[in-house]
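Asker: Listed in order, the protein sequences are those of chains X and Y. Everything in the first sequence is counted per UniProt numbering, starting at 1 for the first residue and increasing by one. Everything in the second sequence is counted per UniProt numbering, starting at 1 for the first residue and increasing by one. From the three backbone atoms N, C-alpha and C, an ideal C-beta is built for every residue, glycine too.
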Amino acid sequence: MLNISPRLEPPDLQLVHQRIKDTIAVLGNFKRLRDPERKRKDYLDLLRHDLANYYNYNDYLMQKFTDLFDIKELIEFLEANEVERPVTIRTNTLKSRRRDLAQALINRGVNLDPIGEWSKVGLIVFDSPVPIGATPEYLAGHYMLQGASSMLPVMALAAQPNEKVLDMCSAPGGKTTYIAALMKNTGMIVANDVNKERCKALTANIHRLGVVNTIVCSENGRQFPKIVGGFDRVLLDAPCSGTGVISKDASVKSNKVEKDILRCSHIQKELLLSAIDSVDARSSTGGYIVYCTCSIMVEEDEWVVDYALKRRSVKLVSTGLEFGREGFTKFKERRFHPTLKLTRRYYPHEHNMDGFFVAKFKKLSNLIPAKEGVYCRKAKAIIFTFTLY
Amino acid sequence: MRPLTAEETKTFFEKLAKYISPENIKLLLDRPDASYCFRLHKDRVFYASEKIMLTANNFARKELVSFGTCFGKFTKTGKFRLYMTALDYLAPYAQFKVWVKPNGEQSFLYGNHVLKSHLGRITDSTSKYQGVIVMSMSDVPLGFGVSAKSTQECRRADPSSIVTFHQADVGEYLRTEETLL
Numbered sequence: 001m002l003n004i005s006p007r008l009e010p011p012d013l014q015l016v017h018q019r020i021k022d023t024i025a026v027l028g029n030f031k032r033l034r035d036p037e038r039k040r041k042d043y044l045d046l047l048r049h050d051l052a053n054y055y056n057y058n059d060y061l062m063q064k065f066t067d068l069f070d071i072k073e074l075i076e077f078l079e080a081n082e083v084e085r086p087v088t089i090r091t092n093t094l095k096s097r098r099r100d101l102a103q104a105l106i107n108r109g110v111n112l113d114p115i116g117e118w119s120k121v122g123l124i125v126f127d128s129p130v131p132i133g134a135t136p137e138y139l140a141g142h143y144m145l146q147g148a149s150s151m152l153p154v155m156a157l158a159a160q161p162n163e164k165v166l167d168m169c170s171a172p173g174g175k176t177t178y179i180a181a182l183m184k185n186t187g188m189i190v191a192n193d194v195n196k197e198r199c200k201a202l203t204a205n206i207h208r209l210g211v212v213n214t215i216v217c218s219e220n221g222r223q224f225p226k227i228v229g230g231f232d233r234v235l236l237d238a239p240c241s242g243t244g245v246i247s248k249d250a251s252v253k254s255n256k257v258e259k260d261i262l263r264c265s266h267i268q269k270e271l272l273l274s275a276i277d278s279v280d281a282r283s284s285t286g287g288y289i290v291y292c293t294c295s296i297m298v299e300e301d302e303w304v305v306d307y308a309l310k311r312r313s314v315k316l317v318s319t320g321l322e323f324g325r326e327g328f329t330k331f332k333e334r335r336f337h338p339t340l341k342l343t344r345r346y347y348p349h350e351h352n353m354d355g356f357f358v359a360k361f362k363k364l365s366n367l368i369p370a371k372e373g374v375y376c377r378k379a380k381a382i383i384f385t386f387t388l389y
Numbered sequence: 001m002r003p004l005t006a007e008e009t010k011t012f013f014e015k016l017a018k019y020i021s022p023e024n025i026k027l028l029l030d031r032p033d034a035s036y037c038f039r040l041h042k043d044r045v046f047y048a049s050e051k052i053m054l055t056a057n058n059f060a061r062k063e064l065v066s067f068g069t070c071f072g073k074f075t076k077t078g079k080f081r082l083y084m085t086a087l088d089y090l091a092p093y094a095q096f097k098v099w100v101k102p103n104g105e106q107s108f109l110y111g112n113h114v115l116k117s118h119l120g121r122i123t124d125s126t127s128k129y130q131g132v133i134v135m136s137m138s139d140v141p142l143g144f145g146v147s148a149k150s151t152q153e154c155r156r157a158d159p160s161s162i163v164t165f166h167q168a169d170v171g172e173y174l175r176t177e178e179t180l181l
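1) Hey, does K76/Y have any beta-carbon neighbour from chain X nearer than 8 Å?
2) At a CB-CB cut-off below 7 Å, which residues of chain Y make contact with P136/X?
3) Label S278/X either buried or exposed according to how many other C-beta atoms from any shown protein chain fall within 10 Å of its C-beta, with 16 as the threshold for buried.
4) Residues in the same chain with beta-carbon distance under 8 Å from L367/X, minus the five sequence neighbours each way, listed in chain order, please.
5) Mind listing which residues of the segment 218-236 of chain X have their C-beta closer than 8 Å to chain Y's C-betas, in chain order?
6) Indicate whether at least one CB of chain Y lies closer than 8 Å to the CB of V110/X.
7) Provide the residue(s) that pair with S66/Y in DSSP beta bridges, ordered along the chain.
8) If you drop the 5 nearest sequence neighbours on each side, which residues of the same chain put their C-beta closer than 7 Å to that of I20/Y?
9) Can you tell me whether T164/Y is buried or exposed? The criterion is at least 16 other CB atoms within 10 Å of its CB, across all chains shown.
10) Can you list, in chain order, the residues of its chain with a C-beta nearer than 8 Å to that of C376/X? Leave out the 5 residues immediately preceding and following it.
11) For M1/X, count neighbouring Cβ atoms within 10 angstroms of its own Cβ and tell me buried if that reaches 16, exposed if not.
12) When you compare the CB of S66/Y with every CB in chain X, is at least one pair closer than 8 Å?
13) Here's a check: name, in chain order, each residue in its chain whose Cβ is nearer than 8 Å to the Cβ of K315/X, leaving out the five neighbours to either side.
14) What number of angstroms, rounded off, separates the C-alpha of A204/X from the C-alpha of V257/X?
15) Give, in chain order, every residue of the segment 96-130 of chain X whose Cβ lies closer than 7 Å to some Cβ of chain Y.
16) Quick one: give me the first and last residue of the alpha helix (DSSP H) that Q103/X is part of.
17) When Cβ atoms are compared, which residues of the segment 200-215 of chain X fall closer than 9 Å to chain Y?
18) Extract the residue ranges of the alpha helix (DSSP H) inside the segment 23-50 of chain X, only unbroken runs of 4 or more that lie entirely within it.
19) Determine the DSSP secondary structure at H337/X, reduced to helix, strand or coil.
20) Assess contact between the segment 40-60 of chain Y and the segment 105-119 of chain Y, defined as three or more Cβ pairs (one per stretch) separated by less than 8 Å. Is contact present?
21) Below 8 Å, can you find three or more Cβ-Cβ pairs linking the segment 344-351 of chain X to the segment 1-13 of chain Y?
22) State the start and end residues of the unbroken alpha helix (DSSP H) segment that holds P32/Y.
23) Is the beta carbon of F331/X closer than 8 Å to that of V290/X?
24) Give me whichever residues DSSP pairs with K73/Y in a beta bridge.
25) On a Cα-Cα basis, can you pick out the residue from T151/Y, T123/Y and V114/Y that is closest to G145/Y?
26) Ignore the nearest five residues each way along the sequence and tell me which others in G133/X's own chain have a CB closer than 6 Å to its CB.
27) Does the Cβ-Cβ distance between L68/X and I267/X come in under 8 Å?
28) Consult DSSP for P136/X and reduce its assignment to one of helix, strand or coil.
29) Within 10 Å of its beta-carbon, does V374/X have 16 or more other beta-carbons around it, so buried, or fewer, so exposed?
30) Cβ closer than 8 Å: which chain X residues qualify as neighbours of E177/Y?
31) Run the CB neighbour count on E300/X, radius 10 Å, all protein chains shown included, and call it buried at 16 or more, exposed below.
32) What is the residue span of the beta strand (DSSP E) that P114/X lies within?
33) With a threshold of 8 Å between beta-carbons, can A370/X be considered close to chain Y, or not?
34) Give me the residue from T75/Y, T85/Y, A34/Y and L28/Y with the minimum Cα distance to Y173/Y.
35) Can you confirm whether residue 187/Y, when its beta carbon is compared against all beta carbons of chain X, has any partner nearer than 8 Å?
36) Examine chain Y for any beta-carbon lying closer than 8 Å to the beta-carbon of V374/X, and answer yes or no.
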């Protein structure tokens with residue numbers, strides 16, 4: 001029988017691992033294996049505690065992940081966070097073609113393959129005798145080092161040539177340069193990033209890849225419709241807690257608490273409203289907004305999207321991405337708009353790319369619906385003036 | 001952001017003319033697709049279409065980082081320094097080119113001069129101290145520099161002698177990313 005009473009830390013990680021396995025086994029066949037004294041909740045609490053211990057997460061984050069996944073998937077997810085995602089590169093179609101690039105890199109002894117059916121420009125690098133970020137082809141701008149997941153929002157945005165596009169949080173420019181490649185260097189892109197230091201890398205990448213239709217600026221994204229508006233499409237890759245990219249930055253495991261998540265969520269809501277306001281609904285070709293984060297927290301994804309749906313006249317449309325899991329329409333006590341199933345979620349364990357969330361909006365009208373509270377107050381004032389007369 | 005003054009225009013075009021012929025500089029300004037212009041912003045010269053330039057005008061001077069393509073910058077002494085970011089416009093119009101062998105690519109991209117032993121090909125009739133574009137053997141532009149020897153002199157130069165002085169190369173995207181803009 002599994003001993004779960006002592007809450008003391010076993011000194012050995014192997015023991016913790018064993019206990020995790022045992023607990024999972026018990027939960028798998030609860031009726032037969034359980035200790036009749038213990039409730040299911042006790043086992044779950046113990047499992048969560050042990051997992052947090054074994055994989056070095058804080059309790060808050062582990063609680064969040066257990067809410068998102070069932071036990072089997074949770075373990076897969078945690079394991080996937082321990083290994084790095086494969087190195088992927090994107091061909092810069094402004095300067096090269098995928099076949100030519102692949103040949104040039106193979107000549108340098110790089111072992112690579114197309115990334116998958118869904119992308120015509122992505123390549124996956126298995127191993128390379130030369131640093132892949134410093135080959136002459138890289139320096140000449142024939143490709144960009146870019147995660148598979150960060151190609152998805154650009155494909156969802158599907159910018160057309162001669163459009164006016166805003167990339168709100170653009171550094172270091174992987175998505176911006178992909179947008180430019182899809183637009184064939186025509187039209188105009190405004191690439192914004194609030195951080196001046198990161199703007200340097202952004203500018204260098206834009207020049208390296210031969211993108212000429214871009215304005216780089218470092219405004220606060222929330223200022224946006226005030227400075228320039230009337231865009232055909234806006235991409236908002238919002239700053240987030242980074243819970244989808246734990247394999248890249250393991251510090252997220254221990255330093256993110258509820259306050260951080262909610263702070264991110266708040267900024268994201270503000271930025272998303274700015275992004276929506278910056279789009280011209282009457283644009284003949286566009287009127288689309290793509291919102292994406294590298295977080296898998298519901299607070300930063302569905303919640304933010306649902307908020308925007310309530311505050312602006314926008315609707316969700318299909319992202320046009322062939323794969324990915326549907327977004328949540330309900331999560332614990334929260335109920336979201338039913339169209340949230342059109343959004344897409346990506347997980348490290350399922351798609352072998354960074355955890356990611358993509359939503360695509362179509363703007364319906366440039367009018368901003370008044371908040372209900374404000375509306376009531378105005379109506380009351382009108383009634384009041386009438387009674388005066 | 002402002003248009004270049006007469007003096008700045010002169011310095012700038014004189015520098016450009018070292019790499020591309022004056023007719024081709026004209027081609028940069030009179031383009032069939034849209035009207036393009038050169039503008040000065042924070043001592044740097046940017047080349048962009050009029051439409052992009054006008055939108056860039058909306059941003060505060062402090063917040064605007066770059067627009068279109070940066071060609072280079074004016075130094076404090078009033079000279080013009082061409083950046084490797086201009087390479088995309090220089091390379092197709094270049095009159096004189098130097099091709100380096102694959103074994104010399106790395107060395108040039110680390111900021112070294114081109115040696116005779118690394119020289120693959122050189123445009124005929126290149127004179128001494130002429131601005132040249134440095135290409136790899138597969139015609140990928142790698143940077144630019146100044147020829148240290150004329151084509152004739154190159155033929156009988158000793159293998160370790162310098163044939164092209166390094167001025168800028170695409171390796172600077174990694175080495176000097178911070179000071180680019």
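Answerer: According to the structure shown:
1) no
2) E105, L109, S136, V140 and L142
3) Here S278/X is buried: its Cβ has 16 or more other Cβ atoms, across all protein chains shown, within 10 Å.
4) S313
5) S218, E219, I227 and V228
6) No, no contact with chain Y.
7) V216/X
8) L90, Y93, A94 and Q95
9) buried
10) Residue placement at C376/X is poorly supported in this model, since its pLDDT is 46, which falls under 50; the coordinates still yield a value, given next. Excluding residues within five positions, none has a Cβ falling inside 8 Å.
11) For M1/X, the pLDDT reaches just 48, beneath the cut-off of 50, and the residue's location in the model is therefore unreliable, although a value from the coordinates is still provided. Exposed, since its Cβ has fewer than 16 Cβ neighbours within 10 Å.
12) yes
13) L309, T339, F361, K362 and L364
14) 35 Å
15) Of all residues in the segment 96-130 of chain X, none has a Cβ within less than 7 Å of some Cβ in chain Y.
16) R98 to N107
17) K200, A201, L202, T203, A204, N205, I206, H207, R208, G210, V211, V212, N213, T214 and I215
18) 30-33
19) coil
20) no
21) no
22) P32/Y -> no alpha helix (DSSP H), and no H or E assigned at all.
23) no
24) R44/Y and R81/Y
25) The option with the nearest alpha carbon to G145/Y is V114/Y.
26) L145
27) no
28) helix
29) With a pLDDT of 49 at V374/X, under the threshold of 50, the modelled position of this residue cannot be trusted; read the value that follows with caution. Exposed, because fewer than 16 other Cβ atoms sit within 10 Å of the Cβ of V374/X.
30) K200, A201 and A204
31) buried
32) N111 to P114
33) no
34) Nearest to Y173/Y by alpha-carbon distance, out of T75/Y, T85/Y, A34/Y and L28/Y, is T85/Y.
35) In the structure as shown, chain Y starts at 1 and stops at 181, and residue 187/Y therefore has no counterpart that could be examined.
36) With a pLDDT of only 49 at V374/X, under 50, the local geometry of the prediction cannot be trusted, and the value read off the model is given with reservation. Judged by the 8 Å Cβ criterion, V374/X is not in contact with chain Y.
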